[in-house]
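Asks: In the working numbering, the protein residues as written are 22 to 619.
Ideal Cβ placement from N, Cα and C applies to all residues, glycine included.
I have a structure here, written as structure tokens, and I will follow up with some questions on it.
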């Protein structure tokens with residue numbers, strides 16, 4: 022197709038501002054789906070997405086819109102709104118020339134609205150502000166347009182007013198996309214260069230590669246080479262998402278589609294790689310994507326050690342469709358062989374765990390999440406550690422990641438929110454009033470405090486109206502210590518954590534109390550201890566299950582009863598020395614504790 026008739030754009034917004042609903046209405050207006058096949062959030066086809074009502078994976082779809090008698094091809098990418106899936110948004114924006122910034126006309130500018138808008142500005146895209154949900158009684162479009170100008174600096178005087186739910190104004194959005202978003206400026210006659218922006222594994226067809234053609238044209242039955250791996254494949258099938266997969270004979274410059282070639286090896290496809298013609302004119306690789314910065318780490322261990330290889334295959338398959346998490350083999354004395362996985366946030370970690378359990382039918386134990394720390398050695402070198410178990414005996418300083426947190430709240434909750442930020446070792450940076458009723462607080466807060474319980478406290482204190490976005494700005498030294506947890510005298514590395522020295526006593530007691538509730542009673546007494554260095558700071562005992570050995574003694578000499586009790590006690594002591602303690606999954610998450618008791 023003529024590149025001048027192509028428009029590539031993403032829909033970006035805060036969570037629940039109506040991105041997927043707007044995508045539905047656009048497909049309806051352009052007759053991409055029949056009314057019989059139409060359903061809410063059509064592009065959210067993952068079971069987890071429909072259950073939770075959120076977008077997890079960015080979805081591409083090709084629709085056609087006619088304006089002034091000219092037919093245009095619109096390649097739309099619907100993106101997630103949650104901060105944990107920011108990498109999906111970054112990848113999507115690199116395949117576009119423009120973005121629709123969707124803002125809820127009742128809730129206004131939220132934390133992810135600002136963050137996603139800045140991503141689009143950095144990518145040098147044409148941004149079209151659109152105000153959604155104007156059909157609500159409490160919608161205030163004029164105030165929200167002013168908020169957009171104050172917080173983001175984008176001219177919103179001519180922002181379109183729409184209702185994605187009822188379809189009001191959607192036709193005007195399609196017209197404005199054609200008018201304002203520039204066509205791709207690639208070379209349709211040059212040598213082929215295509216960017217791999219996503220992929221998925223199909224049991225029958227192999228790996229399905231999602232690509233954006235940058236230069237040239239790709240046709241069926243051509244031999245294609247992956248630039249980074251050097252692997253060569255024949256193009257068996259090409260197509261577009263309309264939204265179902267529809268075959269085509271070729272994809273030209275600026276178009277988005279899929280590529281199938283019976284690729285079976287997961288290692289042969291890399292997200293961000295460049296596809297070129299085999300034995301064609303030599304070309305440079307496309308920039309691809311910068312690697313994601315993992316914020317949260319957790320260990321996954323199969324409940325049955327024999328499932329280790331199954332877990333490895335499942336992680337490899339998932340990493341193909343979600344390149345934003347990492348996994349490396351790890352060994353634990355308590356849990357055996359497993360994998361340490363890096364995630365962009367707690368929700369990302371939760372989604373990966375659920376997908377492993379549902380899609381691959383795996384039974385796993387997951388350790389409590391931790392963040393990346395850095396230690397400074399005597400030689401003044403900095404080394405990253407991803408779990409408390411990696412902390413060496415000797416080091417000069419321990420550094421923790423600091424996040425620049427942007428908190429958007431109604432102005433009536435400023436006092437409560439400042440108190441919460443201070444309790445979590447936050448350092449005040451500044452505050453900005455977006456309007457008379459909404460304020461933006463900027464704090465520097467240790468990332469470990471944010472993943473501990475900060476978001477829950479924020480939602481409670483602001484009655485659900487507060488939103489949070491954060492980015493890592495560096496590492497700083499503080500008085501941090503390793504909190505060791507001992508079960509039956511043995512340190513369990515999977516339960517240990519790193520925390521501030523002032524909080525070690527409270528956290529240790531909280532963890533021990535949770536463990537006492539979580540670990541079932543055994544035939545012998547189990548001591549639970551929390552320690553910092555060699556000092557025990559908390560202890561609880563789980564009493565042994567006891568049989569009444571004196572039940573058959575009716576009267577008689579008391580020494581006979583004592584003899585039986587001493588014999589039982591000796592047996593318990595011997596059992597404690599050789600017995601193994603069964604620690605259930607919920608015990609490993611108890612290190613998150615409960616600060617409400619503080």
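Quick one: give me the first and last residue of the alpha helix (DSSP H) that residue 134 is part of.
Replies: That run of the alpha helix (DSSP H) goes 132-143.
Asks: Measuring straight from C-alpha to C-alpha, what distance separates residue 302 and residue 111?
Replies: Cα to Cα, the separation comes out at about 30 angstroms.
Asks: If we count the other Cβ atoms within 10 Å of its Cβ and call it buried at 16 or more, is residue 266 buried or exposed?
Replies: exposed
Asks: Run through DSSP, which three-state label would residue 34 get?
Replies: Under the three-state reduction of DSSP output, residue 34 falls in the strand class.
Asks: Given residue 399, which residues of its chain have a CB within under 7 angstroms of its CB, disregarding the five upstream and five downstream residues?
Replies: 417
Asks: For residue 152, which option in 145, 176, 143 and 136 has the closest C-alpha, if you only look at C-alpha atoms?
Replies: 176
Asks: In the structure shown, what three-state DSSP assignment does residue 639 receive?
Replies: Since the first residue of the chain shown is 22 and the last is 619, residue 639 is not available in this structure.
Asks: Note down the Cα distance separating residue 343 from residue 474, rounded to an integer number of angstroms.
Replies: 26 angstroms
Asks: Return the chain-ordered list of same chain residues with a C-beta closer than 6 angstroms to the C-beta of residue 157, the five sequence neighbours on each side being excluded.
Replies: 127
Asks: In the stretch 276-332, which residue ranges form an unbroken beta strand (DSSP E) of at least 3 residues, counting only runs that do not cross its ends?
Replies: 277-281, 295-298 and 317-323
Asks: Do the stretch 420-434 and the stretch 480-497 meet, that is, are 3 or more Cβ pairs less than 8 angstroms apart?
Replies: yes
Asks: Relative to the C-alpha of residue 154, which candidate in 260, 296 and 37 has its C-alpha closest?
Replies: 37
Asks: Buried or exposed for residue 40, going by 16 or more other Cβ atoms inside 10 Å?
Replies: buried
Asks: Pull up the CB-CB distance for residue 316 and residue 468, whole angstroms please, since I reckon it's below 8 angstroms.
Replies: 6 angstroms
Asks: Who does residue 395 pair with in a DSSP beta bridge?
Replies: 405 and 420
Asks: Going by DSSP, what residue range makes up the alpha helix (DSSP H) through residue 116?
Replies: Element bounds for residue 116: n/a, residue is neither H nor E.
Asks: With 16 as the cutoff for other CB atoms within 10 Å, does residue 545 come out buried or exposed?
Replies: buried
Asks: Do the CB positions of residue 386 and residue 356 come within less than 8 angstroms of each other?
Replies: yes
Asks: Here's the rule: buried if 16 or more other CB atoms are within 10 angstroms of the residue's CB, otherwise exposed. What is residue 449?
Replies: exposed
Asks: Hey, how far is the Cα of residue 520 from the Cα of residue 377?
Replies: 30 angstroms
Asks: Residues in the same chain with beta-carbon distance under 7 angstroms from residue 13, minus the five sequence neighbours each way, listed in chain order, please.
Replies: The chain is shown only over 22 to 619; residue 13 falls outside these bounds and no answer can be derived.
Asks: Of the choices 182, 277 and 165, whose alpha-carbon is the least far from that of residue 459?
Replies: Ranked by Cα distance from residue 459, the first of 182, 277 and 165 is 165.
Asks: On the three-pair Cβ rule with 8 angstroms, is the stretch 244-259 touching the stretch 189-205?
Replies: no
Asks: Sorted by chain position, which residues of the same chain lie with C-beta nearer than 8 angstroms to residue 392's C-beta, five sequence neighbours on each side aside?
Replies: 316, 317, 318, 421, 422, 468, 469 and 472
Asks: Identify every residue that forms a DSSP beta bridge with residue 13.
Replies: What the structure shows of the chain is the stretch from 22 to 619, and residue 13 is not part of that stretch, so it cannot be assessed.
Asks: Can you tell me which of 526, 313 and 477 puts its alpha carbon nearest to the alpha carbon of residue 365?
Replies: For the residues 526, 313 and 477, the minimum Cα distance to residue 365 belongs to 313.
Asks: For a test of the three-state rule: what should DSSP assign to residue 27, helix, strand or coil?
Replies: strand
Asks: Decide if the stretch 545-564 is in contact with the stretch 577-585; the criterion is three or more beta carbon pairs, one per stretch, under 8 angstroms apart.
Replies: no
Asks: Going by Cα to Cα distance, which pick from 541, 50, 516 and 411 is closest to residue 189?
Replies: Here the closest residue by C-alpha is 50.
Asks: Hey, is the stretch 321-331 in contact with the stretch 267-277, meaning 3+ C-beta pairs nearer than 8 angstroms?
Replies: no
Asks: Check the C-beta distance from residue 360 over to residue 321 and give it rounded, since I have them as a contact under 8 angstroms.
Replies: 5 angstroms
Asks: Label residue 131 either buried or exposed according to how many other C-beta atoms from any shown protein chain fall within 10 Å of its C-beta, with 16 as the threshold for buried.
Replies: buried
Asks: One question on the structure: do residue 5 and residue 245 come within less than 8 angstroms of each other, judged by their Cβ atoms?
Replies: A question about residue 5 goes unanswered here, because the residues of the chain that appear run from 22 up to 619.
Asks: Nearest to residue 193 by alpha carbon, out of 181, 535 and 171?
Replies: 181
Asks: Do residue 217 and residue 304 have their beta-carbon atoms positioned less than 8 angstroms apart in this structure?
Replies: no
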